[in-house]
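Asks:
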Amino acid sequence: MRYKAKINAAIIVVAALIIITSCLFFYDKYTSDTVSDSLEYSSITDSDASKSISADISMDISSIDEVISDIENSEQTSAIEVVLHYSEQLDLQLDASYAIAAYTDGSIIYSKNALTRCYPASLTKLLTVSTAIRYIKNDYIFKVGDELDYILEGSSVAGLEKGDKIDFLTLVDALLVPSGNDAAYVMAVGIGRLYSENPNMPVNEALSVFLTLMNQTADDLGCTDSNFANPDGYHNASHHTTAADILKIAIHTNSLDIVKNSINKSKARGVYSNKDVTWINTNLLLKQEDSHYYQYATGMKTGATPEAGKCLAAIAYKNGKEVITIILDASSDEARYKDALTVFNATL
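Numbering-wise, the numbering used here comes out as the position in the sequence shown, counting from 1, plus 1089.
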């Protein structure tokens, strides 16, 4: 009887292993099919997930959970094409040379020279963070280094210094709230090295890797006439876009919780490397004490260079409707906010 019990126990164990193996096989097949049907997942995430899922079935449950978590994270941050379509158009008079407005489902309600090439200035940073999110975990620590030497004169900065160590979520705030060009380069070089699996990669090479990933993200989102030559938007003749392409980037960026939690702040606290700083948002629509304050504004990004003019991506939500407005090459600070408010007041 004891021998028979042992045989029965062995049969149960073998059956359990067969079931587990089958489940992993079908899970692997399902995941692969899902990824192949989706539009361009990041190569790092795909590679790691595939290797992990096909690993020996002796891996413990915690390892399996980690694999599933990584796959779910890649699904949430993949850059899927944003499709725009025209609906009834508003008859508005805006100051900006290039502008477009739409609901977050891609329904365009206003456009002005939206397919004409122009310069995005710091609206570029929406794509920078959208690209970074595809390849990184929230608790990743960046070490600030010689990439700060790439920051050009007159840049807006978050005050990062060589030797600082800063986690990804805090770096996102440093990028989007005070519009830190220093944060843009730290993020770009860090991701370039991480993607290449080479923590000692020279700054220029890591930056080149990131810019390739950045333009790939733009392509994945359906941008048709854009080229991004740096991560911060500082003027470069080959760094160009259109209002329609920036709208696609903005709609996608607004779908990312990490970004939404940053762009809706009038100020942000940064605690890193024994520092405790406060960053003030450059978007005056969020500042209650400012004359440009709009109570339904939920965030986005400012930008400005002499060549790009005054730029603004702005989002507002009211009565169940969410509108994104892209303003490029406005004549003044006052004009860009007035343009955005003109759109919001006509739609919300």
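Even glycine gets a Cβ: it sits at the ideal position worked out from N, Cα and C.
What residues are listed by DSSP as bridge partners for residue 1474?
Replies: In the structure as shown, the chain begins at 1090 and stops at 1437. Residue 1474 is therefore absent and cannot be evaluated.
Asks: Is it right to say residue 1242 is buried, meaning 16 or more other beta carbons lie within 10 angstroms of its own, or is it exposed?
Replies: For this step, residue 1242 is matched to residue 153 along the sequence shown. When all chains shown are included, residue 1242 counts as exposed.
Asks: Tell me which residues share the same chain as residue 1043 and place their Cβ nearer than 7 Å to its Cβ, disregarding the 5 neighbours each side in the sequence.
Replies: The first residue shown for the chain is 1090 and the last is 1437, placing residue 1043 beyond what the model contains.
Asks: Label residue 1358 either buried or exposed according to how many other C-beta atoms from any shown protein chain fall within 10 Å of its C-beta, with 16 as the threshold for buried.
Replies: As a first step, residue 1358 is located in the sequence shown; it is residue number 269 there, counting from the start. Classification of residue 1358: exposed, given that the 10 Å Cβ count is below 16.
Asks: If contacts are defined as beta-carbon pairs under 8 Å, then residue 1355 and residue 1375 qualify, I think. What distance do you get, rounded to the angstrom?
Replies: The count along the sequence shown starts at 1 and reaches residue 1355 at position 266. The count along the sequence shown starts at 1 and reaches residue 1375 at position 286. With 8 Å as the limit, residue 1355 and residue 1375 qualify as a contact, their Cβ atoms being about 4 Å apart.
Asks: Smallest Cα separation from residue 1425: which of 1406, 1274, 1412, 1398?
Replies: Residue numbering aside, residue 1425 sits at position 336 when the sequence shown is read from its first letter. It is 1398.
Asks: Considering only residues of the segment 1378-1405, which uninterrupted beta strand (DSSP E) runs meet the minimum length of 3 residues and lie entirely inside it, listed in chain order?
Replies: 1386-1394
Asks: Measuring straight from C-alpha to C-alpha, what distance separates residue 1400 and residue 1393?
Replies: The residue you call residue 1400 lines up with position 311 of the sequence shown. The residue you call residue 1393 lines up with position 304 of the sequence shown. It is roughly 6 Å from the alpha-carbon of residue 1400 to the alpha-carbon of residue 1393.
Asks: What are the start and end residues of each continuous alpha helix (DSSP H) run of 4 or more residues lying completely inside the segment 1245-1313, in chain order?
Replies: Here the runs fully enclosed are 1257-1265, 1270-1285, 1292-1309.
Asks: Could you compute how far the alpha carbon of residue 1213 sits from the alpha carbon of residue 1279?
Replies: Locating residue 1213 in the sequence shown gives position 124, where the first residue counts as 1. Locating residue 1279 in the sequence shown gives position 190, where the first residue counts as 1. About 18 Å.
Asks: For residue 1284 versus residue 1224, is the C-beta spacing smaller than 9 Å?
Replies: For this step, residue 1284 is matched to residue 195 along the sequence shown. For this step, residue 1224 is matched to residue 135 along the sequence shown. Their beta carbons are under 9 Å apart, which means residue 1284 touches residue 1224 by this criterion.
Asks: Taking the Cβ atom as the reference point for each residue, do residue 1239 and residue 1298 lie within a distance shorter than 9 Å?
Replies: Locating residue 1239 in the sequence shown gives position 150, counting from the first residue. Locating residue 1298 in the sequence shown gives position 209, counting from the first residue. 9 Å or more divides the Cβ of residue 1239 from the Cβ of residue 1298.
Asks: For residue 1329, which of helix, strand or coil comes out of DSSP?
Replies: The residue you call residue 1329 lines up with position 240 of the sequence shown. In this structure, residue 1329 counts as strand in the three-state DSSP scheme.
Asks: If residue 1405 and residue 1383 are in contact, beta carbons under 8 Å, what's the gap, nearest whole angstrom?
Replies: Taking the sequence shown and counting its residues from 1, the one referred to as residue 1405 is at position 316. Taking the sequence shown and counting its residues from 1, the one referred to as residue 1383 is at position 294. Between residue 1383 and residue 1405 the Cβ distance is about 6 Å, and since that is below 8 Å, they are a contact.
Asks: Would you kindly work out how many angstroms separate the C-alpha atoms of residue 1369 and residue 1270, rounded to a whole number?
Replies: The residue you call residue 1369 lines up with position 280 of the sequence shown. The residue you call residue 1270 lines up with position 181 of the sequence shown. Roughly 15 Å between the two C-alpha positions.
Asks: Rank 1412, 1168, 1372, 1414 by C-alpha distance to the C-alpha of residue 1265 and give the top, closest one.
Replies: Position 176 of the sequence shown holds residue 1265. When only C-alpha atoms are compared, the closest one is 1372.
Asks: At a cut of 8 Å, does the segment 1219-1234 reach the segment 1250-1258 through at least three beta carbon pairs?
Replies: yes
Asks: Would residue 1332 and residue 1222 be called neighbours here (beta carbons separated by less than 9 Å)?
Replies: In the sequence shown, residue 1332 corresponds to position 243, counting from 1. In the sequence shown, residue 1222 corresponds to position 133, counting from 1. In this structure, residue 1222 does not lie closer than 9 Å to residue 1332 by Cβ.
Asks: Anyone know if the C-beta pair for residue 1446 and residue 1334 falls short of 9 Å?
Replies: Because the chain is modelled from 1090 through 1437, residue 1446 falls outside the range shown and cannot be assessed.
Asks: Quick test of your reading: residue 1361 and residue 1433, contact by CB under 8 Å. State the CB separation rounded to the nearest angstrom.
Replies: As a working note, residue 1361 is residue 272 in the sequence shown. As a working note, residue 1433 is residue 344 in the sequence shown. Their Cβ separation, rounded to whole angstroms, is 35 Å, which puts residue 1361 and residue 1433 out of contact at 8 Å.
Asks: Does the separation of the CB atoms of residue 1430 and residue 1407 fall below 9 Å?
Replies: Mapped onto the sequence shown, residue 1430 falls at position 341. Mapped onto the sequence shown, residue 1407 falls at position 318. For residue 1430 and residue 1407, no; Cβs fall outside 9 Å.
Asks: Can you tell me where the alpha helix (DSSP H) with residue 1349 in it begins and where it stops?
Replies: Your numbering for residue 1349 matches position 260 in the sequence shown. 1346-1352 is the extent of the alpha helix (DSSP H) around residue 1349.
Asks: Express the C-alpha separation of residue 1319 and residue 1175 in angstroms, rounding to a whole number.
Replies: What you label residue 1175 is simply residue 86 of the sequence shown in a count that begins at 1. What you label residue 1319 is simply residue 230 of the sequence shown in a count that begins at 1. Between residue 1175 and residue 1319, the C-alpha separation is close to 31 Å.
Asks: Skipping 5 residues on each side, what residues in its chain have a beta carbon closer than 8 Å to that of residue 1306?
Replies: Taking the first residue of the sequence shown as 1, we reach residue 1306 at position 217. These residues qualify, in order along the chain: 1168, 1216, 1219, 1220, 1223.
Asks: Taking 7 Å as the limit between beta carbons, can you name the residues of its chain near residue 1317, skipping five residues before and five after?
Replies: Stepping through the sequence shown from its first residue, residue 1317 is reached at position 228. Taken in chain order, the residues that qualify are 1213, 1216, 1300, 1303, 1304, 1307, 1328.
Asks: What separation, rounded to the nearest whole angstrom, lies between the Cα atoms of residue 1208 and residue 1390?
Replies: On the sequence shown, residue 1208 is found 119 positions in, with the first residue counted as 1. On the sequence shown, residue 1390 is found 301 positions in, with the first residue counted as 1. Approximately 14 Å between the Cα atoms of the pair.
Asks: Mark residue 1326 as exposed unless 16 or more other C-beta atoms lie within 10 angstroms of its C-beta, in which case mark it buried.
Replies: Within the sequence shown, the letter at position 237 stands for residue 1326. Label assigned to residue 1326: exposed.
Asks: Entirely within the segment 1216-1250 and at least 3 residues each: give me those beta strand (DSSP E) ranges in chain order.
Replies: 1230-1232
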